[in-house]
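Visitor: Chains as they are written, first to last, in the working numbering: chain A, 2 to 246; chain B, 2 to 246. Don't be surprised by glycine CBs; every beta carbon is placed ideally from N, CA and C. If you're wondering where the values come from, they're calculated on a predicted model, not measured in any experiment.
Number of protein chains: 2
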Amino acid sequence: MTEAREPRPEGGSLHRRIIADIEARILSGEWPPGRRIPFEHELTAQYGCARMTVSKALTQLVAAGLIERRRKAGTFVTQPHSQSAVLEIPDVKAEVAALGLPYRFAIVARSKRRATRADRARFAVAADAWVLALTCRHDAAQRPFCLEDRLINLSAAPDAAEEPFVELSPGAWLVRRVPWTRAEHRISAVAARGDVALALNVASGTPCLVVERRTWSGEAPVTQVRVIYPGEAHELVARFTPGQS
Amino acid sequence: MTEAREPRPEGGSLHRRIIADIEARILSGEWPPGRRIPFEHELTAQYGCARMTVSKALTQLVAAGLIERRRKAGTFVTQPHSQSAVLEIPDVKAEVAALGLPYRFAIVARSKRRATRADRARFAVAADAWVLALTCRHDAAQRPFCLEDRLINLSAAPDAAEEPFVELSPGAWLVRRVPWTRAEHRISAVAARGDVALALNVASGTPCLVVERRTWSGEAPVTQVRVIYPGEAHELVARFTPGQS
DNA sequence: AAGTGGTCTAGACCACAAA
DNA sequence: TTGTGGTCTAGACCACTTG
Chain A
2 MTEAREPRPE GGSLHRRIIA DIEARILSGE WPPGRRIPFE HELTAQYGCA
52 RMTVSKALTQ LVAAGLIERR RKAGTFVTQP HSQSAVLEIP DVKAEVAALG
102 LPYRFAIVAR SKRRATRADR ARFAVAADAW VLALTCRHDA AQRPFCLEDR
152 LINLSAAPDA AEEPFVELSP GAWLVRRVPW TRAEHRISAV AARGDVALAL
202 NVASGTPCLV VERRTWSGEA PVTQVRVIYP GEAHELVARF TPGQS
Chain B
2 MTEAREPRPE GGSLHRRIIA DIEARILSGE WPPGRRIPFE HELTAQYGCA
52 RMTVSKALTQ LVAAGLIERR RKAGTFVTQP HSQSAVLEIP DVKAEVAALG
102 LPYRFAIVAR SKRRATRADR ARFAVAADAW VLALTCRHDA AQRPFCLEDR
152 LINLSAAPDA AEEPFVELSP GAWLVRRVPW TRAEHRISAV AARGDVALAL
202 NVASGTPCLV VERRTWSGEA PVTQVRVIYP GEAHELVARF TPGQS
């Protein structure tokens with residue numbers, strides 16, 4: 002049975018207030034890394050609530066990486082080790098729209114073939130697999146915004162072979178069609194050379210930001226893409242606020 | 002009272018199995034974006050468990066971004082919009098150690114001053130605030146690995162003024178001393194010029210990867226740092242597996 | 001051996017949005 | 001108005017780890 006209890010006074014639910022309280026003590030330095038925080042039963046008494054409510058709060062703080070829990074020993078503030086941040090990788094169209102510029106894309110090269118040795122170096126597809134190679138230029142305000150060089154594993158996305166990619170760019174089309182379970186991104190800086198410099202309309206040697214993404218569905222590779230952003234203007238932004246739950 | 006129930010057969014707790022089941026249906030495409038998934042009371046019946054157990058599972062799937070919940074309407078598979086990935090930003094020392102190379106760092110410039118106009122452009126510190134500007138070169142195997150240009154707000158970290166930064170690099174020292182609540186990272190590509198090219202021992206114009214990080218504690222700025230990695234070799238890696246909870 | 005966290009139950013009341 | 005999710009309770013048993 003549920004007894005009468007006081008109404009929630011302030012910012013939302015009780016377990017959120019517990020989270021906020023503990024988080025504040027950790028972030029202020031009052032509870033430094035390594036320090037044991039009160040046991041569940043102590044917090045239960047302190048907040049006058051059921052154990053499950055405290056447990057819910059602490060579980061979320063574990064997920065946020067602020068605390069660690071060990072049976073019999075207790076709950077401890079984690080030692081900060083490596084920072085992690087959530088990197089948003091938007092669709093190029095959305096990215097251009099966010100700048101308030103008109104967007105356009107065009108397929109500049111297309112080739113359906115059996116995977117070559119070079120293809121297999123980019124992406125672990127079977128030697129005899131059919132792949133679709135696409136090069137796509139994305140424009141913002143009639144100027145080159147980025148160049149996309151993509152390889153699609155046609156056994157994972159057979160429909161791609163017949164798709165003209167008129168309405169949707171290859172990336173947007175794939176994200177709607179093929180569910181993926183794993184992705185890996187690599188970000189690096191390169192100098193634009195030859196065809197790339199030409200397509201992006203920059204001088205050879207111009208530094209460019211490169212985002213390479215591989216996507217799998219289960220164990221099967223789906224696509225590999227290399228997006229090249231010209232010049233020093235483009236920025237990827239990642240933010241992290243610990244315990245934003 | 003708790004009735005007898007079957008022992009947990011397979012991979013862990015019941016709510017984890019519920020998570021795995023639903024996740025599998027979403028990732029396989031069986032439940033496409035926008036589709037309503039069973040109500041809590043249906044899942045409760047299906048798994049023969051209490052409502053709270055289902056709720057716990059669904060709450061975690063919300064946190065993972067796989068589903069959205071609307072009162073009275075139900076729970077729906079989210080539309081994929083922008084991909085997000087967790088970017089690990091390790092300490093430089095750990096980064097070099099991971100390559101199996103000997104690590105060393107050296108402070109190459111140090112200046113304590115009141116914030117200049119240029120400093121305030123980098124970071125929103127008060128006009129009369131004391132700041133510590135540091136330039137630090139990190140070496141791997143006796144060769145320049147990256148160049149760190151840092152500004153520390155001395156009102157947030159007063160001890161930094163007297164710290165020689167011999168044992169720990171400024172970044173490692175700060176992470177241990179000053180709790181931070183918010184960080185923002187910007188990643189871009191630039192060409193090495195002048196002093197930077199000299200310090201990194203590369204030709205002028207060499208493309209470099211730049212990671213700029215600003216850190217706050219509450220509303221107060223703590224530090225701003227710009228880390229420049231020379232050449233085309235360095236890569237930042239980010240991975241994403243949806244719903245790894 | 002004892003005490004911690006991990007998980008689960010069978011209820012309950014409430015807030016909110018859709019019909 | 002109605003039915004959904006949001007939150008909470010007061011128990012319970014179990015697993016693990018440490019002393």
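What does residue 224 of chain B touch in chain A if you count any residue whose Cβ is under 9 Å from its own?
Guide: The contacting residues do not exist; residue 224 of chain B stays about 12 Å from chain A at best.
Visitor: Below 8 Å between beta carbons: does that hold for residue 96 of chain B and residue 187 of chain A?
Guide: No, the pair does not count as a contact, with Cβ atoms beyond the cut-off.
Visitor: Assuming residue 195 of chain B is part of the beta strand (DSSP E), what are its boundary residues?
Guide: Taken as a continuous stretch (DSSP letters only), residue 195 of chain B belongs to no beta strand (DSSP E), being part of the alpha helix (DSSP H) at 195 to 201.
Visitor: Mapping the DSSP letters down to three states, classify residue 235 of chain B as helix, strand or coil.
Guide: In the structure shown, residue 235 of chain B sits in coil (DSSP, three-state: anything other than H, G, I, E or B).
Visitor: Residue 228 of chain A: buried (16+ other C-beta within 10 angstroms of its C-beta) or exposed?
Guide: So residue 228 of chain A counts as buried.
Visitor: Against residue 235 of chain A, what residues of chain B qualify as contacts under a CB-to-CB distance less than 7 Å, listed in chain order?
Guide: Going along chain B in sequence order, the residues near residue 235 of chain A (Cβ under 7 Å) are 189.
Visitor: Can you tell me whether residue 154 of chain A is buried or exposed? The criterion is at least 16 other CB atoms within 10 Å of its CB, across all chains shown.
Guide: Looking at its Cβ environment, which holds 16 or more other Cβ atoms inside 10 Å, residue 154 of chain A is buried.
Visitor: Please name the residues in the region 31 to 54 of chain A whose beta-carbon is closer than 9 Å to at least one beta-carbon of chain B, in chain order.
Guide: Listed by position, the residues of the region 31 to 54 of chain A near chain B (Cβ gap below 9 Å) are 33, 34, 53.
Visitor: Nearest by alpha-carbon distance to residue 28 of chain A: which of A:65, A:132, A:210 is it?
Guide: Out of A:65, A:132, A:210, A:65 has the C-alpha closest to the C-alpha of residue 28 of chain A.
Visitor: Under 8 Å, do residue 214 of chain A and residue 239 of chain A count as touching if we go by C-beta distance?
Guide: Taking 8 Å as the Cβ cut-off, residue 214 of chain A and residue 239 of chain A do not qualify as a contacting pair.
Visitor: Counting only the same chain and skipping the five closest in sequence on each side, list residues whose C-beta sits under 7 Å from that of residue 161 of chain B.
Guide: Cβ within range, chain order: 133, 153, 155.
Visitor: Taking the alpha-carbon positions, what's the residue 80 of chain A to residue 177 of chain B distance?
Guide: Cα-Cα distance, rounded: 8 Å.
Visitor: Applying a beta-carbon distance threshold of less than 7 Å, which residues of chain B neighbour residue 206 of chain A?
Guide: Ordered by position in chain B, the residues that pass the 7 Å Cβ test against residue 206 of chain A are 206.
Visitor: Since residue 96 of chain B is in the alpha helix (DSSP H), which residue starts that stretch and which ends it?
Guide: 93 to 99 is the span of the alpha helix (DSSP H), which, as asked, contains residue 96 of chain B.
Visitor: Taking the straight line between their C-alpha atoms, what separation do you get for residue 90 of chain A and residue 48 of chain B?
Guide: If I take the Cα positions, the gap works out to 36 Å.
Visitor: How long is the line joining the alpha carbons of residue 19 of chain A and residue 44 of chain B, rounded to whole angstroms?
Guide: Approximately 29 Å between the Cα atoms of the pair.
Visitor: Anything in the region 174 to 199 of chain A with a Cβ closer than 7 Å to a Cβ of chain B? List those residues in chain order, please.
Guide: Residues passing the 7 Å Cβ filter: 176, 180, 182, 183, 184, 185, 186, 187, 188, 189, 190, 191, 192.
Visitor: Beta strand (DSSP E) containing residue 218 of chain A: first to last residue?
Guide: Element bounds for residue 218 of chain A: 208 to 218.
Visitor: Three-state secondary structure (DSSP) at residue 159 of chain A?
Guide: In the structure shown, residue 159 of chain A sits in a helix (DSSP, three-state: H, G or I).
Visitor: Can you tell me whether DSSP reads residue 2 of chain B as helix, strand or coil?
Guide: Residue confidence is low: residue 2 of chain B scores 43 on pLDDT, short of 50, so the model does not pin down where it sits. Its coordinate-derived value is still stated next. The answer is coil: DSSP assigns residue 2 of chain B none of H, G, I, E or B.
Visitor: Considering only their Cβ atoms, is the gap separating residue 88 of chain B from residue 70 of chain B smaller than 8 Å?
Guide: No. Outside cutoff.
Visitor: So, are the CB atoms of residue 175 of chain B and residue 190 of chain B less than 8 Å apart?
Guide: No, the Cβ-Cβ distance between residue 175 of chain B and residue 190 of chain B is not below 8 Å.
Visitor: Can you tell me whether residue 195 of chain A is buried or exposed? The criterion is at least 16 other CB atoms within 10 Å of its CB, across all chains shown.
Guide: Residue 195 of chain A is exposed by the Cβ-count criterion.
Visitor: Helix, strand or coil: which one does DSSP assign to residue 244 of chain A?
Guide: Below a pLDDT of 50, predicted positions are generally treated as unreliable, and residue 244 of chain A, at 44, falls in that range; the measurement from the model is reported next regardless. Looking at residue 244 of chain A - three-state DSSP - the assignment turns out to be coil, as it is neither helix nor strand.
Visitor: Does residue 78 of chain B come out as helix, strand or coil in the three-state DSSP assignment?
Guide: Here residue 78 of chain B sits in strand by DSSP.
Visitor: Start and end of the alpha helix (DSSP H) containing residue 174 of chain B?
Guide: 171 to 178 is the extent of the alpha helix (DSSP H) around residue 174 of chain B.
Visitor: My assumption, with CB atoms under 8 Å, is that residue 221 of chain B sits in contact with residue 207 of chain B. Please give the rounded CB distance.
Guide: With 8 Å as the limit, residue 221 of chain B and residue 207 of chain B do not qualify as a contact, their Cβ atoms being about 36 Å apart.
Visitor: Using a Cβ-Cβ distance under 8 Å, would residue 89 of chain B count as near chain A?
Guide: True, the Cβ-Cβ gap to chain A drops below 8 Å.
Visitor: Does the distance from the CB of residue 106 of chain B to the CB of residue 225 of chain B come in under 8 Å?
Guide: For residue 106 of chain B and residue 225 of chain B, no; Cβs fall outside 8 Å.
Visitor: Would a C-beta distance cut-off of 8 Å place residue 78 of chain B and residue 30 of chain B closer than the cut-off?
Guide: The answer is no: Cβ separation not under 8 Å.
Visitor: Could you tell me the distance, in whole angstroms, from the CA atom of residue 146 of chain B to the CA atom of residue 172 of chain B?
Guide: Residue 146 of chain B and residue 172 of chain B: Cα-Cα distance of roughly 15 Å.
Visitor: Which bits of chain A does residue 86 of chain B rub up against, with CB to CB less than 7 Å?
Guide: Neighbours of residue 86 of chain B on chain A, chain order: 88, 90, 184, 186.
Visitor: If you reduce the DSSP assignment to three classes, tell me which class residue 191 of chain B lands in.
Guide: Three-state result, residue 191 of chain B: strand.
Visitor: Based on the DSSP output, what are the partners of residue 73 of chain B in its beta bridges?
Guide: The partner list for residue 73 of chain B (beta bridge, DSSP) is empty, contrary to what the question assumes.
Visitor: Excluding sequence positions up to five away, which residues of its chain have a Cβ less than 6 Å from the Cβ of residue 16 of chain B?
Guide: Cβ neighbours of residue 16 of chain B beyond the five flanking positions: 54, 57, 58.
Visitor: Could you spell out the range, first to last residue, of the alpha helix (DSSP H) harbouring residue 61 of chain A?
Guide: Segment 52 to 64, the alpha helix (DSSP H) holding residue 61 of chain A.
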